[in-house]
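Chemist: The structure follows.
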Amino acid sequence: MSTRASTLTGRIMSAPSIIVLFLWMAVPLGMTIYFSFLRYNLLSPGTEEWIGTLNYEFFLTDPAFFASLANTLLLVGSVLVITVIGGILLGLLLDQPIFGRGILRLLVIAPFFIMPTVNALVWKNLLMDPVSGMFAWLASLLGLPAIDWFTNAPLTSIIIMVSWQWLPFAVLILLTALQSLDRDQKEAAQMDGAGPVSIFFYITLPHLSRAITVVVLIETIFLLTVFAEIFVTTGGGPGLATTNIAFLVYTQALLQYDVGGASAGGIVAVILANIVAIFLIRLIGKNLDN
Amino acid sequence: ETKLTIATVNNGDMIRMQKLTDDFTSQNPDISLEWVTLEENTLRQRVTTDIATKGGQYDIMTIGTYEVPIWAEKGWLAPLDNLGTDYDVDDLMPAIRAAVSKDDALYAAPFYGESSMMMYRKDLFEKAGIEVNGRLTWDQTLDIAKKLHDPDNGVYGICLRGKAGWGENMALISTMGNAYGARWFDEEWNPTFDGPEWKAALDMYTNILGNYGPPGATSNGFNENLSLFNSGKCGMWIDATVAASFVTNPKESKVADQVAFTEAPCAVTCTGANWLWAWNLGIPMGSQNVEAAQKFIAWATSKEYLELVASKEGWANVPPGTRISLYENPKYLEAAPFADETLLAIDSADPINSTLKPKPYVGVQFAAIPEFQGIGTTVGQQFSAALAGQSTVEEALSAAQASTDRTMRKAGYY
Amino acid sequence: MGAIRLEKVKKTFGTLDVIPGVDLDINDGEFVVFVGPSGCGKSTLLRLIAGLEDVTDGKIMIDGIDVANEAPAKRGLSMVFQSYALYPHMTVFNNIAFGLKMAGESKEVINEKVQSAAKILNLTDYLERRPGALSGGQRQRVAIGRAIVRNPAAFLFDEPLSNLDAALRVNMRLEITGLHQDLKTTMIYVTHDQVEAMTMADKIVVLQAGRVEQVGKPMDLYSKPANKFVAGFIGSPKMNFLGGELAAKHGCHEIGVRPEHLVVSTESGVIPATVKIAEHLGAETYLHVQSDEFGAMTVRATGEMPLSGNDKIFLTPEQDRIHRFDAHGLALG
Amino acid sequence: MGAIRLEKVKKTFGTLDVIPGVDLDINDGEFVVFVGPSGCGKSTLLRLIAGLEDVTDGKIMIDGIDVANEAPAKRGLSMVFQSYALYPHMTVFNNIAFGLKMAGESKEVINEKVQSAAKILNLTDYLERRPGALSGGQRQRVAIGRAIVRNPAAFLFDEPLSNLDAALRVNMRLEITGLHQDLKTTMIYVTHDQVEAMTMADKIVVLQAGRVEQVGKPMDLYSKPANKFVAGFIGSPKMNFLGGELAAKHGCHEIGVRPEHLVVSTESGVIPATVKIAEHLGAETYLHVQSDEFGAMTVRATGEMPLSGNDKIFLTPEQDRIHRFDAHGLALG
Amino acid sequence: MEKKQTPLGYISFSAFAWVVGLLIFFPIFWMVLTSFKSELEAVSIPPSFISFDWTLENYVEVQERSNYFKFAMNSVILAVGSTLVGLVFAVTCAWAMAFNPTKRTKDALLWMLSTKMMPPVGVLVPIYLMFRDWGLLDTRFGLIMVLFLMNLPIMVWMLYTYFKEIPTDILEAARMDGATLPKEIIFVLLPMALPGIASTMLLNVILAWNEAFWTLNLTTSDAAPLTAFIASYSSPEGLFWAKLSAASTLAVAPILVIGWFSQKQLVRGLTFGAVK
Ligand SMILES: Nc1ncnc2c1ncn2[C@@H]1O[C@H](COP(=O)(O)OP(=O)(O)OP(=O)(O)O)[C@@H](O)[C@H]1O
Ligand SMILES: Nc1ncnc2c1ncn2[C@@H]1O[C@H](COP(=O)(O)OP(=O)(O)OP(=O)(O)O)[C@@H](O)[C@H]1O
Ligand SMILES: [Mg+2]
Ligand SMILES: [Mg+2]
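This is the structure:
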């Protein structure tokens, strides 16, 4: 189907989306770039002045920047590892013939539909509260001191909450992928004398690679900008323990009202995100194509 | 008909007001009210963005004593010049009134005001044989906390704010700093975290709360501590005076009849050892409904409103800390055993002279400059890291010094 | 080394009686083909032998030993799946080597065995490719390669050619036949393709609804089908069945005449008929004709026949090629 | 009403010259079959005629009018796709009616036309079903139904039978032939199946690499191929090509003998050979033999031949069936 | 592989799986349970599981404080509205990319996805200013636009992969049948891609429903959805866990139910068609 007429209509039809997306990205981005070269505090309107790259210098030399960069990577990386491994294990489990599999599945995927804010509120208050929370009570049952989650393991706590939210997503996709594994292949491996463990590593895992790629791609997109969980629970602390790039930009924009600094931070974040994107696209270009 | 959009914080008094607005709308049938209730940080970020960009989304904003002077200075707030004849401006407490005025004109009307004080458990004090005469010092407080601390039985010596934030842990730590003779900035706007005063204050803070406080102190703010205290887990609690009405309310508090009050501790000085804060209602410049908004504000901050609350919910629940007359009202004094202490605390707080050494800024537990929110929060985080044991006190202080210095320099103060 | 014996083998899925009971003897080195209509249980039978399904009842003996409780890999059989079931993420080499790896063979042994299998199957140049980059025929050879390296007692093939196009099928058919001649290993081969069954088998097993209808050499089944089912199933185009007086004259209920055993004449003959469609294939001609008495019939004539639609012709069955059936469909002497 | 004429039609995809230039005349009412190896441009040619691709150069005339700039629907042609391309979400009725609806016909006209097409194609009982609930053959008839309601100037078929199993193919082949006999509309039919080409076509167009190798009646191509390519392509099994002295004796570079034109004898003959594999199909026997002089050869003998591997035989070409080719592969008178 | 599952294996697998499943679900269960407790019971240790006074007072109070249905209605309008607008754009774009690809198509797709990686707070001020100037603050229309633009890349991706699975033949057949482009899309493409479109819509409804930054920062009251509703509960004074739980339950209930009903569809949607 490639007549001149149809190629032209193709261009015309894809244009609206590309144009609106471009505007949606370019106009704010353009303004942001412009702002990033200004001394611009929202609370002092009318005093904007051109200060060159000073905002970038401040943002990049801010000790918080490297801490938050490390936290971002740690957060994204840990959640990816937990959800992928957990997703595979749970997927394998739910792939077995078990009693009430349908209902069980609904239970397992439920966290995915929960608003991040609600997720954070529930975990922070009902579960992780070191005095009246569920975990504290469980610890006391076992005669252990209550873990003070947001003090002693702040980033871990965030990772747990975010993982809880995204694990079902991984399960959902990996389970489907598991179910699409050709039975013949498993049987052929059986005939070849492979046990369950060998089958898993030699047959199942490679089969899942594409699904894992999808999980990694989509989760990364959303995990890079995790915000609500941090905002509601630790507010980025203690210290900088849970400040990620998104939160750091937030503190600039909405605590200091330093629009210039926040803009510079936003641009830096965009650049970082694009580096991650290029890396991912390399990865996916291979895995998604066939 | 006029629709007023009102942004409020989600605390108990404000929510109570929402419920009572029928009284207002029946008097003013041509005005309808639209409430936007948000958690404190979100509220602040929403209204600040809106007023600074002249978004014009709100007719009335609930703002703190931190914002009022800054915004009034910038001309963002409409002066409240038409509150009605029987509003009785002079009945407002002087400290509070000063905090919301510029050049003698009112730019926001205080809804309730607070200072800080210490709440403690009579029964536990008695058991430990402690008597309170006069104002405590922090060193004495530390001793008491040691004695009371009994985590095995679910009692922690002291509860204090630990959650990072300029309005959370920094509110308390600033007053502690003041008590130890520290200040946020010297006359040249240089931060002073490298001085010995801050070191002493922060040492005390991390020591007392870290060793004799509840677990999870770094995520405890006002609400968390309130829960703890109400469920009988704190021996002492130094926090906002408004807490008094909650901790003495038997419906919410297990220890309602065991609570006593005293002033917040001093150290080398008592100046600035207790903070001053009020939630106020203000009208952004550019609101289309200034007249109706003033009507509403007048209603919500009037003496009549206090009586309305009293008639519906009892005197103990009226919004405290704004009007002198309330503290002269025998019915209130009877219902509110904490009234005297509250009045004392508020009266003794002075936003201008709150530090031992001179300072260039206004505010007891904050500095009323636009950059302060960011600075306060960053410093608050560094201090909470010290509390969590992630860094030492020295590290936290030098980090605070460095980051504040950066911000001030960037903002062009020097 | 590869004699397989089924004794009263039964298989039910839930309540579905897929194999009601099969007895079968397969000799060492024999090439046995299972044929039968779709759903008759061919694959099931194969999978029972392979050990991929448990028998519900009965015994499966390999070289005299009951293997009912052996894991598939332990039975010493190799299976080539219809889909080939190659491991898509492994190279050809690793596909072939997988079974050896699982058996814990050393690197050298594996390499040697894979290389020699690849040589037999002409795969040496493709060892580093993934299955995705192979043609259908090459894939099939990999599947076979995977099977032969393990030196199985017998090969099991489940319709291995059904995914290939016609030209490739012919080639692969010849290759498998050649392989069997070289290796002399027992092979069990499932197909529903006439030509494959006829040309490859030492012995054909005709199945219907999980029951063995007839077992025998291809030409025996062709010339002496035990019943109407086998008669109709073996041979293409299908045998013509004629009842009525003609059958009665032969002393039976129905006679069967294969299309190639009808002599065509334009002048005279036993059955007058009209040509509906004549298909000229060059080397032969298929006539689809209509007879008043017997309805639609098919004729297969050698060479070119100058006939076309609506021509009147006469057909005469070759006398010694007539099959006779009784009312139950059983062949009569 | 359906004469199609291609003049110097050229098609390139990017830099790939798929059709270097084709001239072709198709008469009204003719059944033309395009054959050729995979990738030779059969589908492309068909799609050019249909208007689904633009020609790079040249003219396509339908009934004398150049249609280069007409949209596909305007050319008055109907296409039956290999996959049938039925609309899965519409009933059979709506599938057939879709084109009429798009043309804005009234409800009554649509109903009438669909009903009559359904009658011709025996689809009346299925009009309310979705394609998913139809068998392969029925689907194909729906695809044809969709084509015929529009009263096209010509039908274009792109390998319409290649998805079907062997038995169904035979049936559908006969149905399409019957349809052509009834409608007498021009049909262009792409296939790579020998039998279809031979049996259905009025005229076969043999393509290779986008070039027309020969155009002619099926039996003409079979008996008088213009060159070695056509000779080898038409007829199955493939023609044997023999060079050397035997060819020289016939005064040419190479001779071609079809497998069915080799006489087999166990005693004497022109070409001594050894049987490698003998395939007994009942009605005929394929012998894959090896000759010292000519290498591998195929023989197709009628009936059963009692031969098997390693038997020595002698082959003699039938003299009047020999094809002679020069060094360029062109046939010699 | 399923052939040798013993009853014992079945039971132990089932038991184990249920334990894990219930653990994962526990926070939600606990939230719902707490919403029926009184505030004091909500914080009591040891926690009570069943033996407490079940009460609806938290729900009553939440509803008294803020009109849940107004927020919920806004959530529905925003989620559905942005999805529908998105669909119009995404369908045409995905059609073009799937059936008339150019060399740039792959790049365009990946570029679209990369627009999603920018932290929204970085562009809050520009957007807020634009919204103010165009009078879009606190309007459903404005938010629908934002949500639509946010989710457009994912919609295009998903639809693109579905459309890729549709045989081109069928569209060509429609063309031979004389269908014009709009008719081809409406009568042939859309009905055939219906399952894919449904899953795309569902996922977008969920994403729009849970979007908490723009919906909070660009609304005040008229257009405020449930994310704004919940923002007023995160820490009021006094004991609030039970009320918080009630509000949370109300905020997530609709989407949880929708999610459960549509989980089969969603899988297809989420995987970009990557898992067959
Ligand atoms: N796991 C199973 N559960 C239930 N029924 C099954 C199962 N496997 C096969 N069957 C049924 O058993 C019967 C025989 O199936 P089988 O696959 O052996 O047929 P087949 O002869 O191989 O057919 P085909 O030629 O179509 O491959 C069929 O009716 C099938 O539906
Ligand atoms: N859109 C296209 N872009 C580039 N090359 C193409 C395109 N369509 C077809 N080709 C190439 O053109 C040549 C002819 O293709 P075509 O589909 O016409 O072959 P065919 O004769 O129909 O083959 P088959 O019998 O396998 O269907 C092939 O080499 C093919 O790769
Ligand atoms: Mg089968
Ligand atoms: Mg083709």
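Residue numbers (our numbering), protein chains in the order written: chain F, 102 to 391; chain R, 179 to 592; chain A, 159 to 491; chain Z, 159 to 491; chain G, 15 to 290. We treat Cβ as the ideally placed atom computed from N, Cα and C, and that holds for glycine. Since we're looking at a predicted model, the values are computed, not measured.
Say whether chain G places a C-beta atom closer than 8 Å to the C-beta of Ser179 of chain F.
Modeler: To locate residue 179 of chain F, count along the first sequence from 1; it is residue 78. Chain G, which has no Cβ nearer than 8 Å to the Cβ of Ser179 of chain F, makes this no.
Chemist: Which same chain residues end up closer than 6 Å to Leu341 of chain F when comparing Cβ atoms and leaving out the 5 residues on each side of it in sequence?
Modeler: Residue mapping note: residue 341 of chain F aligns to position 240 of the first sequence, counting from 1. Ala165, Ala168.
Chemist: Residues bridged to Pro272 of chain R by DSSP?
Modeler: Locating residue 272 of chain R in the second sequence gives position 94, where the first residue counts as 1. Answer by DSSP bridge pairing: none, since Pro272 of chain R is not bridged.
Chemist: Let me check you understand the geometry: is the CB of Phe171 of chain A closer than 7 Å to at least one non-hydrogen atom of ligand 1?
Modeler: Taking the third sequence and counting its residues from 1, one reaches residue 171 of chain A at position 13. Indeed, a heavy atom of ligand 1 lies less than 7 Å from the Cβ.
Chemist: Nearest to Ser293 of chain R by alpha carbon, out of R:Tyr539, R:Pro515, R:Leu454?
Modeler: Your numbering for residue 293 of chain R matches position 115 in the second sequence. Checking every option, the nearest Cα to that of Ser293 of chain R belongs to R:Leu454.
Chemist: Looking only at its chain, what residues have a beta carbon closer than 6 Å to the beta carbon of Glu16 of chain G, apart from the 5 residues adjacent to it on each side?
Modeler: Position 2 of the fifth sequence, counting from 1, holds the residue named residue 16 of chain G. Legend: pLDDT at Glu16 of chain G = 41, less than 50; position of this residue unreliable, value from coordinates given subsequently. Result list for Glu16 of chain G: empty, nothing under 6 Å.
Chemist: Counting contacts by CB-CB distance shorter than 8 Å, is Val105 of chain G in contact with chain Z?
Modeler: Position 91 of the fifth sequence, counted from the start, is the residue given in the question as residue 105 of chain G. Chain Z, which has no Cβ nearer than 8 Å to the Cβ of Val105 of chain G, makes this no.
Chemist: Assign Gly450 of chain R to one of three DSSP states: helix, strand, or coil.
Modeler: As a position in the second sequence, residue 450 of chain R is number 272, starting the count at 1. Looking at Gly450 of chain R - three-state DSSP - the assignment turns out to be coil, as it is neither helix nor strand.
Chemist: Below 8 Å, can you find three or more Cβ-Cβ pairs linking the region 161 to 177 of chain A to the region 203 to 220 of chain A?
Modeler: Yes, they touch.
Chemist: By the three-class DSSP mapping on this structure, what secondary structure does Glu78 of chain G have?
Modeler: In the fifth sequence, counting from the first residue as 1, residue 78 of chain G sits at position 64. Glu78 of chain G falls in the helix class under three-state DSSP.
Chemist: Evaluate Val289 of chain G with the Cβ neighbour count: other Cβ atoms within 10 Å of its Cβ, from every protein chain shown; 16 or more gives buried, anything less gives exposed.
Modeler: As a working mapping, residue 289 of chain G is identified with position 275 in the fifth sequence. Interpretation of Val289 of chain G is limited by its pLDDT of 41, a score under 50 that renders its predicted location unreliable; no figure is taken from the coordinates.
Chemist: Is the beta carbon of Ala384 of chain Z less than 8 Å from the beta carbon of Val193 of chain Z?
Modeler: As a first step, residue 384 of chain Z must be located in the fourth sequence, where it is residue number 226. As a first step, residue 193 of chain Z must be located in the fourth sequence, where it is residue number 35. It is not a contact, given that the beta carbons lie outside the stated cut-off.
Chemist: Any heavy atom of ligand 4 within a distance shorter than 7 Å of the CB on Lys217 of chain A?
Modeler: As a working note, residue 217 of chain A is residue 59 in the third sequence. Answer for Lys217 of chain A: no, Cβ out of range of ligand 4.
Chemist: With distance defined between alpha-carbon atoms, name the residue in A:Val447, A:Ala406, A:Gly414, A:Gly440 nearest to Val422 of chain A.
Modeler: One-based indexing of the third sequence puts residue 422 of chain A at position 264. Nearest option by C-alpha distance: A:Val447.
Chemist: Alpha carbon to alpha carbon, what distance is there between Phe40 of chain G and Phe200 of chain F?
Modeler: Translated into positions along the first sequence, residue 200 of chain F becomes position 99. Translated into positions along the fifth sequence, residue 40 of chain G becomes position 26. Looking at the two C-alpha atoms, the distance is approximately 19 Å.
Chemist: Would you call the region 304 to 322 of chain A and the region 243 to 259 of chain A touching, i.e. three or more CB-CB distances under 8 Å?
Modeler: The region 304 to 322 of chain A is in contact with the region 243 to 259 of chain A.
Chemist: Take the Cβ of Tyr592 of chain R as the centre, count every other Cβ of all protein chains shown within 10 Å, and call the residue buried at 16 or more, exposed below.
Modeler: Within the second sequence, residue 592 of chain R is the residue found at index 414, counting from 1. Exposed, because fewer than 16 other Cβ atoms sit within 10 Å of the Cβ of Tyr592 of chain R.
Chemist: Rounded to whole angstroms, what's the CA-CA distance from Lys473 of chain R to Met132 of chain F? Just pull it up for me.
Modeler: In the second sequence, residue 473 of chain R corresponds to position 295, counting from 1. In the first sequence, residue 132 of chain F corresponds to position 31, counting from 1. For Lys473 of chain R and Met132 of chain F, the distance between alpha carbons rounds to 40 Å.
Chemist: Could you list the residues in the region 200 to 231 of chain G with a C-beta less than 8 Å from some C-beta on chain F, going in chain order?
Modeler: Going along the region 200 to 231 of chain G in chain order, one finds Ile220, Trp223, Asn224, Ala226, Phe227 with a Cβ nearer than 8 Å to chain F.
Chemist: Could you tell me if the beta carbon of Asp183 of chain G falls within a distance shorter than 7 Å of some heavy atom in ligand 4?
Modeler: Against the fifth sequence, residue 183 of chain G aligns to sequence position 169. Not under cutoff, so the answer is no.
Chemist: Would you kindly work out how many angstroms separate the C-alpha atoms of Thr240 of chain R and Pro134 of chain G, rounded to a whole number?
Modeler: Residue 240 of chain R sits at position 62 when you count from the first residue of the second sequence. Residue 134 of chain G sits at position 120 when you count from the first residue of the fifth sequence. Distance between the alpha carbons of Thr240 of chain R and Pro134 of chain G: 26 Å.
Chemist: Starting from the beta carbon of Pro297 of chain F, find every residue of chain A whose beta carbon is closer than 9 Å, and list them in chain order.
Modeler: Indexing the first sequence from 1 puts residue 297 of chain F at position 196. Chain A residues near Pro297 of chain F: none, gap ~11 Å exceeds 9 Å.
Chemist: Which whole runs of the beta strand (DSSP E) in the region 347 to 394 of chain Z are 3 residues long or more, in chain order?
Modeler: If we require 3 residues or more, the beta strand (DSSP E) runs fully inside the region 347 to 394 of chain Z come out as 361 to 366, 369 to 374.
Chemist: Could you compute how far the alpha carbon of Leu221 of chain G sits from the alpha carbon of Asn165 of chain G?
Modeler: Here the question's residue 221 of chain G lines up with position 207 in the fifth sequence. Here the question's residue 165 of chain G lines up with position 151 in the fifth sequence. Approximately 8 Å between the Cα atoms of the pair.
Chemist: Give a yes or no on whether 8 Å exceeds the smallest Cβ distance from Asn391 of chain F to chain G.
Modeler: Translated into the one-based positions of the first sequence, residue 391 of chain F becomes position 290. Model confidence at Asn391 of chain F stands at a pLDDT of 46, short of 50, so the residue's coordinates are unreliable and nothing is read from them.
Chemist: How many Å lie between Leu314 of chain R and Leu216 of chain R at the Cα?
Modeler: Working through the second sequence from its first residue, we reach residue 314 of chain R at position 136. Working through the second sequence from its first residue, we reach residue 216 of chain R at position 38. Answer to the nearest angstrom: the Cα atoms are 37 Å apart.
Chemist: Using CA coordinates, which residue listed in A:Leu204, A:Asp450, A:His486, A:Tyr444 is at the minimum distance from Ser466 of chain A?
Modeler: One-based indexing of the third sequence puts residue 466 of chain A at position 308. Measuring from the Cα of Ser466 of chain A, the nearest candidate turns out to be A:Tyr444.
Chemist: State the Cα-Cα distance for the pair Thr582 of chain R and Val557 of chain R, rounded to the nearest angstrom.
Modeler: Here the question's residue 582 of chain R lines up with position 404 in the second sequence. Here the question's residue 557 of chain R lines up with position 379 in the second sequence. The straight-line gap from Cα to Cα measures roughly 8 Å.
Chemist: With a 10 Å radius around its C-beta and 16 neighbouring C-beta atoms as the bar for buried, classify Ile334 of chain Z as buried or exposed.
Modeler: By 1-based counting over the fourth sequence, the position of residue 334 of chain Z is 176. With 16 or more other Cβ atoms within 10 Å, it is buried.
Chemist: If Ile42 of chain G sits next to Ala116 of chain F, beta carbons under 8 Å apart, how far is it from one beta carbon to the other, in whole angstroms?
Modeler: On the fifth sequence, position 28 is the one that residue 42 of chain G refers to. On the first sequence, position 15 is the one that residue 116 of chain F refers to. Incorrect: roughly 44 Å between the Cβ atoms, too far for contact.
Chemist: Within a Cβ cutoff of 6 Å, which residues of the same chain sit near Leu203 of chain Z, ignoring the five residues on either side of it in sequence?
Modeler: As a position in the fourth sequence, residue 203 of chain Z is number 45, starting the count at 1. Closer than 6 Å at Cβ, skipping near neighbours: no residue.
Chemist: Counting C-beta neighbours from all protein chains within 10 Å, is the total for Arg297 of chain Z 16 or more, i.e. buried, or is it exposed?
Modeler: On the fourth sequence, residue 297 of chain Z is found 139 positions in, with the first residue counted as 1. By the neighbour-count rule (16 or more Cβ atoms within 10 Å), Arg297 of chain Z is buried.
Chemist: With DSSP as the reference, label Ser259 of chain G as helix, strand or coil.
Modeler: Taking the fifth sequence and counting its residues from 1, one reaches residue 259 of chain G at position 245. Residue state, collapsed to three classes: helix.
Chemist: Are the C-beta atoms of Leu150 of chain G and some chain R residue less than 8 Å apart?
Modeler: For the purposes of this step, residue 150 of chain G is identified with residue 136 of the fifth sequence, where counting begins at 1. Cβ-Cβ to chain R under 8 Å: no for Leu150 of chain G.
Chemist: Sort F:Ala370, F:Pro307, F:Val369, F:Tyr358 by Cα distance to Asn142 of chain F and report the nearest one.
Modeler: For the purposes of this step, residue 142 of chain F is taken as the residue at position 41 of the first sequence. Answer by Cα proximity: F:Tyr358.
Chemist: For Val267 of chain Z, count the other beta carbons within 10 Å of its own beta carbon; 16 or more makes it buried, fewer makes it exposed. Which is it?
Modeler: Start at 1 with the first residue of the fourth sequence, and residue 267 of chain Z comes out as number 109. Exposed, because fewer than 16 other Cβ atoms sit within 10 Å of the Cβ of Val267 of chain Z.
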